[in-house]
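Participant: Input: one structure, supplied below.
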Ligand SMILES: Nc1ncnc2c1ncn2[C@@H]1O[C@H](COP(=O)(O)O)[C@@H](O)[C@H]1O
Ligand SMILES: Nc1ncnc2c1ncn2[C@@H]1O[C@H](COP(=O)(O)O)[C@@H](O)[C@H]1O
Ligand SMILES: Nc1ncnc2c1ncn2[C@@H]1O[C@H](COP(=O)(O)O)[C@@H](O)[C@H]1O
Ligand code: NA
Ligand code: NA
Ligand code: NA
């Protein structure tokens, strides 16, 4: 566990939180944040595509089905829980469903780094799972809101097809999927040309990004109270549950222990790049304090600090017992 | 040819075009574009200077003369053709002459990457050709407009000397020439200090830049019709012609096949960083739809996708036949 | 000396000066400058922390005391000299004291690069000296102004405690100290994860930063006259004096020759990131033309071009004679 | 009336392209846009995570101004962080804007 | 009075957060801020080394406007690079700003 | 007259430094500039490849305002993407601007 907590990435995240609590004037320029996001998405995509080109279809189809199944069902029970137990209104429940069904590319990268630092192998095609799991849940979340809202009078809503188109053409899936394809097509020659930029310094860039994430998470900490104890509990317990399901399914379909853990991490992670952007436009009635705070200030730090080592232990249990 | 088209750079350019056609919200922040430009110019310059320091004057003087000769004559016949055949007015013909006489640093870099991936050697001092060929054509283009415009009444024009000064002090030639000198002076020690930033990740950065170039080119595609079939044909045939002349001259003065091909690529390429900036100020009457569309959306993609392998074949012919 | 002057960093600084003298349109976007600053501070901090983790307390405590002693006394005599000999008013004298007592992270990095290129060893914990020396002098400078100003009527001054808090939470010390701790805690595994971003390309990034520094220094050159001959002489002679004191003290407490020289460089350098930011807010009556011009346009270029080789020679004398 | 007004709209940046399209559709001959941050009833909007604002300025006739404001009110005002205000301005070439 | 004014403050960027806090404390219901460069009596302010400016715009009642201007004058005007100006504007929902 | 006006010029960014120099030469005591994008008769200007716009604001006397506008019209208006407009403003210290 120390390995995970004392990694430069996690420490940078903590430093970011501290910086924002002591009201530091440290601020990443907008365009640096945007550039880091572009870099991370490209780097994850192209490496994944390269690895995918080394895999066979037989290896990939089962994990893909499971991944899509996960991200389509998680929003359903999340929405139900939010409505019934959390007493949230429709837009907020739907937004939370979208966020927890979708995935976090940064948590995913932290999981890869965690496994690499422990020298645990995992399937190279995992980034394609990430790419597949990003969008469906967001669409389902938004549809849930549409279905459950008695005709909003006077309000011209964006048609769902349009939302789907915008999500697919949206920055994050376009870069992820686009560079997955590029990495797939470019072969070893291509990979050698770009890996000095997109692979070698990757963890350093991730460290930078997590510093910025910490800055924002720190500001959101004061919003925690608004969400209340329920959101806090949910933001920790549900990811654990999802991780367990993901690991168990991974084990069932024969993934390596590393691969199954990473599938669990994907299931457990909540989106805070693609989903908030989509919800701001398609679910403006939902309050960002809820979904952003729980995704970024509860689930994300929990996952990268305590979740990763925990899921790793759970995976060890599952793989040794059986 | 596949090697060229399936390189990550070309694929990234295509992805950029797709992104802009599907109206993706992917956008590079302005300052990322500017930073990438600064990086590329410095990297090309300093590597060229380092390589130049390993060359002798005897090797360099002939290619330099040819390079300057090329970029001074290309604008002349381009202007003539645009006026007589293309029926463009004076400012637009002059602007097109400036763009096609000048050179594209990114096309140049793609040409180097192409040769490296095929393990074809070329003269290390080629970047100094790039630096020499950038400005003269722009000045000639602007002068052509001045000479052929019957005194513009009332309009206070920037004196040509001032334009020349601004071009030389302009970002792109200042960085190219400045870092050429720095690379030349800094020696091996200096090169070893900076090559991990300016050399190792270069092709990755080029990939990023081409993604952004594709985004812009994609938007310009809809302007293609404005230019009409003439501009389209010109934007492909003239570069081929210029490449042939460049390769032939390179062969004539004894360059290696790689060096001659790269000289051909320089001749064939059209500027879309320095020239548009200069024309916007000095030839405001010229319509950017013409010069930017043809340079960026026709000639540039043609060159990096089909041109490079084509010129390579042409060079092989010239070097084997003779 | 040539090694120092012909390094890409120094040459890039000179190119920046030339660019601004010829009124080039070369301009670094604000966010690139900010990103470079963030990068440099993190890189210096994390590498220093990593090296510090390899040192023992016994090695570190004496140099630390000397470093703090230096940066607390330098502002005192600087203030006195500025008031008595320079005839500056209280705010300007205090601001200059703050700047020269504090340190320059970039000069420091240039000193490390200088020693590395000559293969001269130095103590790895030197960056912690840098981190310690940054803030005290600024606080002392501001206090000097407060003490020596007969109650400013009507003006509500920021309390000194608040100034201290803001300085500690300020970008530059937060990143330096924060990443010093991170580098210390992250161990070899952590260092290996991030060094491809924060170590390998460091000197290249420094080159970029110095290009930008040159652009600003060039603009400030025209302000030199305002400061007059006194400021010019002070900006060169005092750094030499401080360097000598630093080297002698370093020798006295048993630092290696490299370490002593770097301590001298720290003493001699003047801050131009943290100190100007603090003085603009806490000493708005002080004129930036004085402190920024002397720190950035006199002392900084003198130090990296002539100072480094000079201090090296002085250190050789001190270490050989004794 | 031919009185020209400078109409300023400050809204969530995600709405920028829709608003720009719509005001041109309703008679604006051009617009000028820039990135801003801000605070209002919907809280602080000053970072890319939670979203920032766009400021869209357009010089339009009084008629178009009213029409655009009416449209914005119906489509956006209740659901998004957004304000709009206007005041008369003098321009150099009136025809440029009509 | 309920007349709304657009009050614009252009000041050294280091002052941004204090000014924003203070105008909200003195009755402004919101503000919009952006980075600008400029030139004035304190010289050119167009780079991060020497500092740039922030432009803060707030729509406030005439009363608050006067109060804010009074405060700025006492606290900042003599010591910092800063200007402020205002003019009346029409808004869509007056209550949003009061 | 001593009435102060806020004169706003929106023009191709390549013209920024000339315009700034010239308005100071014609009586402006300062100006504030920022990067903007936009659309107008000359098409969309929202990226660095094709160029963006600069917005220059200056508070000047009515006289200077007229003089500057006259100059801009002669030198730039027919050849470059550019608009300019002005309206009266109240300032805190009138002398700062005269
Ligand atoms: N009183 C105000 N003055 C200036 N700008 C405002 C004001 N109120 C709101 N804004 C801007 O409009 C945006 C949306 O406002 P709101 O819908 O009140 O959150 C804010 O983020 C601010 O940028
Ligand atoms: N006449 C003016 N018109 C527009 N902006 C101005 C004017 N004078 C000053 N400014 C702005 O206000 C800032 C501070 O002004 P000053 O205190 O005069 O240096 C300048 O950097 C400009 O951005
Ligand atoms: N009606 C308008 N309202 C606001 N800004 C405009 C308007 N028309 C033009 N502009 C701005 O002025 C620039 C140049 O205008 P133009 O010369 O019409 O292309 C445009 O890129 C816009 O930024
Ligand atoms: Na998930
Ligand atoms: Na050419
Ligand atoms: Na010092």
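Protein chains in written order, with the numbering used here: chain A, 1 to 322; chain B, 1 to 322; chain C, 1 to 322; chain D, 1 to 98; chain E, 1 to 98; chain F, 1 to 98. Where a beta carbon is used, it is the ideal one built from N, C-alpha and C, also for glycine.
Following a CB-centred definition, is residue 103(A) positioned closer than 7 Å to any heavy atom of ligand 4?
Facilitator: yes
Participant: For the alpha helix (DSSP H) containing residue 69(B), list its first residue and its last residue.
Facilitator: Counted as a single uninterrupted DSSP element, the alpha helix (DSSP H) harbouring residue 69(B) occupies residues 57-84.
Participant: At the level of alpha carbons, what is the spacing between residue 122(C) and residue 191(C)?
Facilitator: 20 Å
Participant: Tell me which residues share the same chain as residue 3(D) and place their Cβ nearer than 8 Å to its Cβ, disregarding the 5 neighbours each side in the sequence.
Facilitator: 61, 62, 88
Participant: Are there 16 or more other CB atoms within 10 angstroms of the CB of residue 99(B), so buried, or fewer, so exposed?
Facilitator: buried
Participant: Assign residue 79(E) to one of three DSSP states: helix, strand, or coil.
Facilitator: coil
Participant: Checking contacts by CB at 8 Å: is residue 192(C) closer than that to chain B?
Facilitator: no
Participant: Thinking C-alpha only, which one of 129(B), 83(B), 91(B), 81(B) is nearest residue 262(B)?
Facilitator: 129(B)
Participant: Distance cutoff 8 Å, beta carbons only. Does residue 275(B) sit that close to anything in chain C?
Facilitator: Not one chain C Cβ lies under 8 Å of residue 275(B).
Participant: Which value, in whole angstroms, describes the spacing of the CA atoms of residue 82(B) and residue 313(B)?
Facilitator: So the two alpha carbons sit approximately 29 Å from each other.
Participant: For residue 178(C), return the contacting residues in chain A, with the cut-off set at a CB-CB distance below 7 Å.
Facilitator: 15
Participant: Using 8 Å as the Cβ pair cut-off and three pairs as the minimum, do the stretch 41-55 of chain B and the stretch 198-211 of chain B touch?
Facilitator: yes
Participant: Tell me whether the beta-carbon of residue 12(F) lies closer than 8 Å to the beta-carbon of residue 38(F).
Facilitator: Going by C-beta atoms, residue 12(F) is not nearer than 8 Å to residue 38(F).
Participant: Find the residues of chain A that neighbour residue 302(C), judging by a C-beta separation of less than 7 Å, and give them in chain order.
Facilitator: Per Cβ cutoff of 7 Å: no residues; residue 302(C) is ~30 Å from chain A at best.
Participant: Using a Cβ cut-off of 8 Å (strictly closer), state whether residue 86(D) contacts chain E.
Facilitator: The Cβ of residue 86(D) sits closer than 8 Å to at least one Cβ of chain E.
Participant: I'd like to know if the stretch 11-27 of chain F and the stretch 24-42 of chain D are in contact, where contact means that at least 3 CB-CB pairs between them fall below 8 Å.
Facilitator: The stretch 24-42 of chain D and the stretch 11-27 of chain F do not touch, with fewer than three beta-carbon pairs separated by less than 8 Å.
Participant: Which whole-angstrom value describes the C-beta separation of residue 184(A) and residue 52(A), a residue pair presumed to lie in contact below a C-beta threshold of 8 Å?
Facilitator: 5 Å
Participant: In chain order, what residues of the same chain have a beta carbon less than 8 Å from the beta carbon of residue 153(B), not counting five sequence neighbours either side?
Facilitator: Low confidence applies here, because residue 153(B) scores a pLDDT of 47, under 50, leaving its location unreliable; read the following figure in that light. Counting only Cβ-Cβ distances below 8 Å, and skipping sequence neighbours, we find nothing.
Participant: Quick check on the DSSP output: the beta strand (DSSP E) that includes residue 57(E) runs from which residue to which?
Facilitator: That run of the beta strand (DSSP E) goes 53-61.
Participant: In terms of residue numbering, what span does the beta strand (DSSP E) encompassing residue 93(E) cover?
Facilitator: Residue 93(E) -> no beta strand (DSSP E), and no H or E assigned at all.
Participant: At a cut-off of 7 Å, would you count residue 365(C) as near ligand 3, judging by its Cβ distance to the nearest heavy atom?
Facilitator: Limits of chain C in this structure are 1 at one end and 322 at the other, which puts residue 365(C) out of reach.
Participant: Just to confirm the assignment, what range does the alpha helix (DSSP H) spanning residue 19(A) have?
Facilitator: 8-21
Participant: Who are the neighbours of residue 22(B) on chain F, taking C-beta pairs under 9 Å?
Facilitator: Simply none; closest approach about 18 Å.
Participant: Ordered along the chain, which non-local residues of its own chain (more than five positions away) have a Cβ less than 7 Å from that of residue 324(C)?
Facilitator: Because residue 324(C) is not part of the residues shown, which for chain C are 1 to 322, the question remains open.
Participant: For residue 12(F), list the residues DSSP reports as bridge partners.
Facilitator: 53(F)
Participant: State yes or no: is the C-beta of residue 82(E) nearer than 7 Å to some heavy atom of ligand 2?
Facilitator: yes
Participant: Between the alpha carbons of residue 206(A) and residue 9(A), how many angstroms are there, rounded?
Facilitator: If you draw a straight line from the Cα of residue 206(A) to the Cα of residue 9(A), it is about 7 Å long.
Participant: What separation, rounded to the nearest whole angstrom, lies between the Cα atoms of residue 86(F) and residue 95(D)?
Facilitator: 16 Å
Participant: Between residue 30(D) and chain A, is any beta-carbon pair separated by less than 8 Å?
Facilitator: no
Participant: Using DSSP with H/G/I as helix, E/B as strand and the rest coil, what is residue 313(B)?
Facilitator: helix
Participant: Can you tell me where the beta strand (DSSP E) holding residue 33(E) begins and where it ends?
Facilitator: Its beta strand (DSSP E) spans residues 31-40.
Participant: Determine whether the beta carbon atoms of residue 15(B) and residue 211(B) lie at a separation below 8 Å.
Facilitator: A contact, by the Cβ cut-off of 8 Å.
Participant: Helix, strand or coil: which one does DSSP assign to residue 255(A)?
Facilitator: coil
Participant: Given the structure, does residue 97(E) come close to ligand 1, in the sense that its CB is under 7 Å from one of the ligand's heavy atoms?
Facilitator: Relative to the non-hydrogen atoms of ligand 1, the Cβ of residue 97(E) comes within a distance shorter than 7 Å of at least one.
Participant: Are residue 5(B) and residue 305(B) close, meaning C-beta to C-beta below 8 Å?
Facilitator: At a Cβ-Cβ threshold of 8 Å, residue 5(B) and residue 305(B) count as neighbours.
Participant: Could you give the C-beta distance for residue 164(B) and residue 139(B), rounded to a whole number, given that I count them as a contact under 8 Å?
Facilitator: About 6 Å separates the two Cβ atoms, so the contact holds.
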